[in-house]
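Q: Residue numbers (full-length UniProt numbering), protein chains in the order written: chain R, 1 to 197; chain F, 1 to 197.
Using N, Cα and C, we set each Cβ at its ideal position, and we do this for glycine too.
Just so you know, these numbers come straight off a predicted model, no measurement behind them.
Can you keep this structure in mind? I'll have questions shortly.
There are 2 protein chains.
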Amino acid sequence: MENVFDILFAHIQKKVSLTVEDQQHIMRFFKPKKLRRRQYALQQGEVCTHISFVAQGLLKSYMLDEKGNEHINLFAWEGWWISDFESFIFGSPAKLDMDAVEDSTLLLLSKDNYDRMLAEVPLMERYFRILYQNSLATKDRRLISANSHTAEEKYALFLEVYPVISQRLPQHLIASYLGLSAETISRIKKKISAQRP
Amino acid sequence: MENVFDILFAHIQKKVSLTVEDQQHIMRFFKPKKLRRRQYALQQGEVCTHISFVAQGLLKSYMLDEKGNEHINLFAWEGWWISDFESFIFGSPAKLDMDAVEDSTLLLLSKDNYDRMLAEVPLMERYFRILYQNSLATKDRRLISANSHTAEEKYALFLEVYPVISQRLPQHLIASYLGLSAETISRIKKKISAQRP
DNA sequence: CGATGGCTTGATGGCCTTCAAATATGGTGG
DNA sequence: CCACCATATTTGAAGGCCATCAAGCCATCG
């Protein structure tokens, strides 16, 4: 089995160059954790005490509305981070639930360790600045898509942007992510496959 | 007239504590610019060469679809930053347009100066990390709202979250921001005012 | 196997868009 | 400062997209 930290550093090195000393320093702030499929990583109402790097597997974060419908906020797979930011930063009760779509391995970073790491390793401050900066650009695009595209356009765009991950997700989760009903995705698929026999 | 930099530093100080030396250092990276109402700050296809701090006034960034409809991505008023991130970071052609809703005063920060400032003033790296982090939490909420709320809920939420700014915006811009037609907002307003005579 | 969860298909209806036209508002130039 | 004209808002009518409800099928897995 590959060392989970190899996966972490491989992703960090894409944005900043860490020395071996930095890496050894940083490792101490993380705590590995395994999650089985369907297991919660966070439940609404709890405080989100850490952000999680996904070394392996796939998780989702979502909001339950008053009718019990799931509205997916984010999928996180290898190389992505996941948390309820608002709760993590401000210590407020989480509005989101998070759970594992597949068996997963996480690296947990507590708020204390996050703050300490950023203070002690300036390159990590930079890493997160760049990470967040890029995430903002992504979310901008998603927001515009949510507000301006039809169901069919949204689904096609999702498949185009996330061709690999879409294969690991059941359709009803993609539907929830796009703000559509599972039935609508089913009908769109049928329509598309009819167009190209 | 108040110094535009006073406004900038007042906002930065909410997140990090700058020394007077830092402030004098930082000032040199910015260039003030005034925009009249309706004037473009950026046009689609150009490269977004700088991010802008809004010292005074109000701007919007938006995307034009193939039918010429405006889909507003962001409003930026005193204390906010505005740019086409993707274009700014990667030097790609901007997908967004930006223009002034009111006469405005900006502080421009070019890509070179941005990079240099972040390298030379670690506290600014921290400032932007925190700024982006908070923006992500905001966008998360907006995305969930876009995908799960009715038109009426979205409008009510907007008024609740941005009571002051909503007064400075024509309704059709709020509609565009929420992914709704101007007519829908008009009808919602009528309905609400009928409920409380 | 039985049961559970996911996918499909049909029928119905509601929310919101679109189109159109009338009215109100407000910025701008004379 | 006023008159004008472009722009914003309102209102009505028609229709389409997509959700909801319901039922049946299919695959997986304990």
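Is the Cβ-Cβ distance between residue 19 (chain F) and residue 55 (chain F) less than 8 Å?
A: Here residue 19 (chain F) refers to the residue found at position 19 when the second sequence is read from its first residue. Here residue 55 (chain F) refers to the residue found at position 55 when the second sequence is read from its first residue. Not closer than 8 Å, so no.
Q: In angstroms, rounded to a whole number, what distance separates the CA positions of residue 94 (chain F) and residue 156 (chain F)?
A: Along the second sequence, one-based indexing puts residue 94 (chain F) at 94. Along the second sequence, one-based indexing puts residue 156 (chain F) at 156. Distance between the alpha carbons of residue 94 (chain F) and residue 156 (chain F): 32 Å.
Q: Along the chain, which unbroken stretches of the alpha helix (DSSP H) at least 4 residues long are found entirely within the segment 131-194 of chain F?
A: 151-161, 163-168, 171-178
Q: Return the CA-CA distance between residue 135 (chain R) and residue 38 (chain F), expressed in angstroms with no decimal places.
A: In the first sequence, residue 135 (chain R) corresponds to position 135, counting from 1. In the second sequence, residue 38 (chain F) corresponds to position 38, counting from 1. Approximately 29 Å, taken between the alpha carbons.
Q: Could you check whether residue 78 (chain R) and residue 7 (chain R) sit closer than 8 Å to each other, using their CB atoms as the reference points?
A: For the purposes of this step, residue 7 (chain R) is taken as the residue at position 7 of the first sequence. For the purposes of this step, residue 78 (chain R) is taken as the residue at position 78 of the first sequence. Contact flag set, yes.
Q: Quick one: is residue 119 (chain R) buried, meaning 16 or more other Cβ sit within 10 Å of its Cβ, or exposed?
A: Walking along the first sequence from the start, residue 119 (chain R) turns up at place 119. Classification of residue 119 (chain R): exposed, given that the 10 Å Cβ count is below 16.
Q: Roughly how many angstroms separate the alpha carbons of residue 184 (chain F) and residue 76 (chain R), rounded to a whole number?
A: To locate residue 184 (chain F), count along the second sequence from 1; it is residue 184. To locate residue 76 (chain R), count along the first sequence from 1; it is residue 76. Each residue's Cα considered, the two are about 36 Å apart.
Q: Taking a contact to mean a Cβ-Cβ separation below 8 Å, would you say residue 74 (chain F) touches residue 92 (chain F) in this structure?
A: The residue you call residue 74 (chain F) lines up with position 74 of the second sequence. The residue you call residue 92 (chain F) lines up with position 92 of the second sequence. Their beta carbons are not under 8 Å apart, which means residue 74 (chain F) does not touch residue 92 (chain F) by this criterion.
Q: Could you check the C-alpha separation between residue 116 (chain F) and residue 137 (chain F) for me, to the nearest Å?
A: Position 116 of the second sequence holds residue 116 (chain F). Position 137 of the second sequence holds residue 137 (chain F). Their backbone Cα atoms lie some 27 Å apart in a straight line.
Q: Name, please, each residue of chain F whose Cβ falls closer than 8 Å to the Cβ of residue 170 (chain R).
A: For this step, residue 170 (chain R) is matched to residue 170 along the first sequence. Near residue 170 (chain R) there are no residues of chain F at all, since even the closest Cβ is about 18 Å away, more than 8 Å.
Q: Between the beta-carbon of residue 131 (chain F) and the beta-carbon of residue 30 (chain F), is there less than 8 Å?
A: Here residue 131 (chain F) refers to the residue found at position 131 when the second sequence is read from its first residue. Here residue 30 (chain F) refers to the residue found at position 30 when the second sequence is read from its first residue. The answer is no: Cβ separation not under 8 Å.
Q: For residue 51 (chain F), does the count of other Cβ atoms within 10 angstroms reach 16, so buried, or fall short, so exposed?
A: Within the second sequence, the letter at position 51 stands for residue 51 (chain F). Residue 51 (chain F) comes out buried.
Q: Residue 143 (chain F): which of R:175, R:72, R:110 sits nearest, CA to CA?
A: Numbered from its first residue, the second sequence carries residue 143 (chain F) at position 143. Out of R:175, R:72, R:110, R:72 has the C-alpha closest to the C-alpha of residue 143 (chain F).
Q: Since residue 137 (chain F) meets chain R, which of its residues come closer than 8 Å, beta carbon to beta carbon?
A: Residue numbering aside, residue 137 (chain F) sits at position 137 when the second sequence is read from its first letter. Here the neighbours are 85, 86, 89.
Q: With 7 Å as the C-beta to C-beta threshold (strictly closer), list the residues of the segment 155-170 of chain F near chain R in chain order.
A: none
Q: To the nearest angstrom, how far is the alpha carbon of residue 47 (chain R) from that of residue 47 (chain F)?
A: What you label residue 47 (chain R) is simply residue 47 of the first sequence in a count that begins at 1. What you label residue 47 (chain F) is simply residue 47 of the second sequence in a count that begins at 1. Roughly 41 Å separates the two Cα atoms.
Q: Which value, in whole angstroms, describes the spacing of the CA atoms of residue 98 (chain F) and residue 58 (chain F)?
A: For the purposes of this step, residue 98 (chain F) is taken as the residue at position 98 of the second sequence. For the purposes of this step, residue 58 (chain F) is taken as the residue at position 58 of the second sequence. One C-alpha to the other measures close to 11 Å.
Q: If you run the structure through DSSP and keep just helix, strand and coil, what is residue 113 (chain F)?
A: Here residue 113 (chain F) corresponds to residue number 113 of the second sequence, with the count starting at 1. In this structure, residue 113 (chain F) counts as helix in the three-state DSSP scheme.
Q: When you compare each of R:167, R:179, R:150 to residue 149 (chain F) by their alpha carbons, which one comes out closest?
A: If you number the second sequence from 1, residue 149 (chain F) lands on position 149. With distances taken between Cα atoms, residue 149 (chain F) lies closest to R:179.
Q: Would you please verify whether the beta carbon of residue 144 (chain R) is less than 8 Å from any beta carbon of chain F?
A: Reading the first sequence from its first residue, position 144 is the one you call residue 144 (chain R). Yes, contact with chain F.
Q: Within the 8 Å Cβ cut-off, does residue 45 (chain R) reach chain F?
A: By one-based count along the first sequence, residue 45 (chain R) stands at place 45. Taking Cβ atoms only, chain F never reaches closer than 8 Å to residue 45 (chain R), which makes this a no.
Q: Determine the DSSP secondary structure at residue 6 (chain F), reduced to helix, strand or coil.
A: Residue numbering aside, residue 6 (chain F) sits at position 6 when the second sequence is read from its first letter. Residue 6 (chain F) falls in the helix class under three-state DSSP.
Q: Taking just the CA atoms, how far does residue 49 (chain F) sit from residue 89 (chain F)?
A: By one-based count along the second sequence, residue 89 (chain F) stands at place 89. By one-based count along the second sequence, residue 49 (chain F) stands at place 49. For residue 89 (chain F) and residue 49 (chain F), the distance between alpha carbons rounds to 9 Å.
Q: Within 10 angstroms of the Cβ of residue 129 (chain R), are there 16 or more other Cβ atoms? Answer buried if so, exposed if not.
A: Locating residue 129 (chain R) in the first sequence gives position 129, where the first residue counts as 1. The residue in question, residue 129 (chain R), is buried, as its Cβ has 16 or more Cβ neighbours within 10 Å.
Q: Got a sec: is the Cβ-Cβ distance from residue 122 (chain R) to anything in chain F below 8 Å?
A: The residue labelled residue 122 (chain R) in the question sits at position 122 within the first sequence. Chain F contact via Cβ: present.
Q: With a threshold of 8 Å on Cβ separation, who are the neighbours of residue 181 (chain F) within its own chain once the five nearest residues in sequence on each side are excluded?
A: Residue mapping note: residue 181 (chain F) aligns to position 181 of the second sequence, counting from 1. 175.
Q: Rounded to whole angstroms, what is the Cα-Cα separation between residue 85 (chain F) and residue 40 (chain F)?
A: Working through the second sequence from its first residue, we reach residue 85 (chain F) at position 85. Working through the second sequence from its first residue, we reach residue 40 (chain F) at position 40. In a straight line, the C-alpha of residue 85 (chain F) is about 17 Å away from that of residue 40 (chain F).
Q: Out of F:42, F:145, F:112, state which residue places its alpha-carbon closest to the alpha-carbon of residue 82 (chain F).
A: Along the second sequence, one-based indexing puts residue 82 (chain F) at 82. Selected option, being the one with the closest Cα: F:42.
Q: Checking 8 Å against the spacing of the C-beta atoms, do residue 36 (chain F) and residue 100 (chain F) come in under that value?
A: Position 36 of the second sequence, counted from the start, is the residue given in the question as residue 36 (chain F). Position 100 of the second sequence, counted from the start, is the residue given in the question as residue 100 (chain F). It is a contact, given that the beta carbons lie within the stated cut-off.
Q: Any Cβ of chain F within less than 8 Å of the Cβ of residue 219 (chain R)?
A: Residue coverage of chain R in this structure runs from 1 to 197, which leaves residue 219 (chain R) outside it and unanswerable.
Q: Give the secondary structure of residue 41 (chain F) by DSSP, where H, G and I count as helix, E and B as strand, and everything else as coil.
A: Position 41 of the second sequence holds residue 41 (chain F). Reduced to three states, the DSSP call for residue 41 (chain F) is strand.
Q: Of all the residues that make up the segment 44-71 of chain F, which are near chain R by a beta-carbon distance shorter than 8 Å?
A: So the list reads 63, 65, 69, 71, given in the order they occur along the chain.
Q: Just tell me which of R:141, R:26, R:65, R:22 has its CA closest to the CA of residue 113 (chain R).
A: On the first sequence, residue 113 (chain R) is found 113 positions in, with the first residue counted as 1. If we check each option's Cα against that of residue 113 (chain R), R:26 comes out closest.
Q: Residue 87 (chain R): buried (16+ other C-beta within 10 angstroms of its C-beta) or exposed?
A: Translated into the one-based positions of the first sequence, residue 87 (chain R) becomes position 87. Classification of residue 87 (chain R): buried, given that the 10 Å Cβ count is 16 or more.
Q: Is DSSP giving residue 83 (chain F) helix, strand or coil here?
A: The sequence position of residue 83 (chain F) within the second sequence is 83, counting from 1. Coil.
Q: Would DSSP call residue 94 (chain F) helix, strand or coil?
A: Residue 94 (chain F) sits at position 94 when you count from the first residue of the second sequence. Reduced to three states, the DSSP call for residue 94 (chain F) is coil.
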